[in-house]
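Here the protein sequences line up with chains A and B, keeping their order.
Residue numbers for the first sequence, in UniProt numbering: 1 to 203.
Residue numbers for the second sequence, in UniProt numbering: 1 to 203.
2 protein chains.
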Amino acid sequence: MALRHAVLAALLDEELSGYQLTKAFDLGVANFWHALPQQLYAELAKLEQDGLIAGREVVQEARPNKRLFQVTEAGLAELERFAATATKPSFIRDDLLVKVQSADHVDTGALIAQLTERAAFAEAKIGLFDELLRKMRGDRSEQEYLRHGERIGPYLTCLRGLAFEQGNRDWCERAVTVLRERRSGSRPAVRTTVATQQPDGPE
Amino acid sequence: MALRHAVLAALLDEELSGYQLTKAFDLGVANFWHALPQQLYAELAKLEQDGLIAGREVVQEARPNKRLFQVTEAGLAELERFAATATKPSFIRDDLLVKVQSADHVDTGALIAQLTERAAFAEAKIGLFDELLRKMRGDRSEQEYLRHGERIGPYLTCLRGLAFEQGNRDWCERAVTVLRERRSGSRPAVRTTVATQQPDGPE
DNA sequence: AGGCCCATGTAATCTGTTACATGATTCC
DNA sequence: GGAATCATGTAACAGATTACATGGGCCT
């Protein structure tokens, strides 16, 4: 039950509509969580029912009306409670890693193409994060902002997002280099035969 | 539909039983994917039904019998096909980031405790990854292994896992430092009032 | 005697994804 | 005239987590 809290956390900084939330959680940034529009609209409805957020209608002329949501006192209390509970470690779950894991047995050309694409995607996100951090800092130095800036939460999660994407980019580039080098000195890929394991043998 | 392929990828290197697979996917390493035992047993059953893996019974005396699974030619073909499909980017989804995002509004003591715990967890995984990499390399240098080592796939995913956990550790430590410094120069946390947004106003 | 490791699952529930739906306005 | 943006959903399905179940052997 954490999307719930991710939405609350996102609404702490500013009042947002469902649509604006989807922008933050979808492509673009998604610093600290990711979710699709459908999930967000559903979650907003539940949160409002439970009194953790309050919505107010904003009538617009040129565009459809929208509802802006704000965290209530009860919502803040719920976040506080959540923040105090123990946190389970998070795990990697990435299709690209699965593909690279099988690099010895599949076509590396396809892998190289996908690693290159991912590196470019990571680079783009790095740019977005850099810009976001600069905006938050304004004219202050990072040192200064970390000590006294308001919104240290968003700043820190953004730093994690940045480092994560830098890690992605660097790894993808390295993997591409390695796979290319190996292809130039290529021998045909051979299916390795599995040794027969004896009952109760040493593991 | 990617757990399927993660299991296939894990079985490429060696024949494993369901139980042994759970060890690889659960705590411990989980270099490139994570899953619980129940999912794995279910997935193994489906994969066998579909002819992508083949199991053979190993009778044991001192322990319960087990079934070891091996990827079939059809399974390898399926992985090959999977590796050639486009890969969607993966996103962060971590409760700890959600908590840190709300750092300006919740008790930072609890956050510091959890960040410290996570840093320790990351450190432990770093140790495991280091050891795994050393084992794969044997007496060869990393340069040498990257160029000519067998099992480059597992080596590369392990490198990503290592970098990811180093990123976690570094970020957690930094966040702890920042939050501590701010606490020492502490003023009471104030609930910021949200500015009222006008219809069709600039966004 | 109690707890952990091996070994394998079922069942219920919760979460996330894919596909589909609607309708006005603004930009090219 | 067609695509993109704003704005909000419903329905069906796939994937993941939590809880529960079983049973022998080994270690302290």
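For glycine and all other residues, C-beta sits at the position ideal for the given N, C-alpha and C.
Check: Within chain A, partners of P64(B) - CB distance below 8 Å; Outcome: Within chain A, no residue comes near P64(B); the closest Cβ sits about 11 Å away, beyond 8 Å.
Check: is_contact[E78(A), chain B] using C-beta, thresh 8 Å; Outcome: no
Check: In DSSP terms, what Q70(B) is bridged to; Outcome: A54(B)
Check: Candidates L11(A), N65(A), T72(A) and D107(A): closest to A84(B) by CA position; Outcome: D107(A)
Check: Beta-carbon contacts of Q101(A) that lie in its chain and below 8 Å, excluding the five residues immediately before and after; Outcome: none
Check: Residue environment, E150(B), which counts as buried when at least 16 other CB atoms sit within 10 Å; Outcome: exposed
Check: Span of the alpha helix (DSSP H), counted from its first residue to its last, around F32(B); Outcome: F32(B) -> no alpha helix (DSSP H), and no H or E assigned at all.
Check: Proximity winner among Y41(B), R174(B) and T157(B), relative to L179(A) (alpha-carbon distances); Outcome: T157(B)
Check: Collapsed DSSP secondary structure at L179(A) in the structure displayed; Outcome: helix
Check: Counted within 10 angstroms of its Cβ, other Cβ atoms place A77(B) as buried (16 or more) or exposed; Outcome: exposed
Check: Proximal chain A residues relative to R160(B), where beta-carbon distance stays under 7 Å; Outcome: L97 and W171
Check: One or two residues paired with L16(A) in a DSSP bridge; Outcome: F69(A)
Check: Beta-carbon proximity of R4(B) to E43(B), cut-off 8 Å; Outcome: yes
Check: Length at least 4, wholly inside the stretch 78–107 of chain B: the alpha helix (DSSP H) runs in chain order; Outcome: 95–101
Check: Environment of E15(A) [buried if 16+ CB atoms lie within 10 Å]; Outcome: buried
Check: For E61(B), three-class secondary structure by DSSP; Outcome: coil
Check: Best match in Q166(A), H148(A) and D170(A) for proximity to G127(A) [C-alpha to C-alpha]; Outcome: Q166(A)
Check: Which of helix, strand or coil DSSP assigns to E150(B); Outcome: coil
Check: Interface flag, A120(A) vs chain B, CB-CB below 8 Å; Outcome: no
Check: Cβ-Cβ separation, R134(A) to N168(A) (assumed contact under 8 Å), whole Å; Outcome: Not quite, the Cβ-Cβ distance comes to about 21 Å (not below 8 Å), so this is no contact.
Check: CB contact check: L12(B) to chain A, cutoff 8 Å; Outcome: yes
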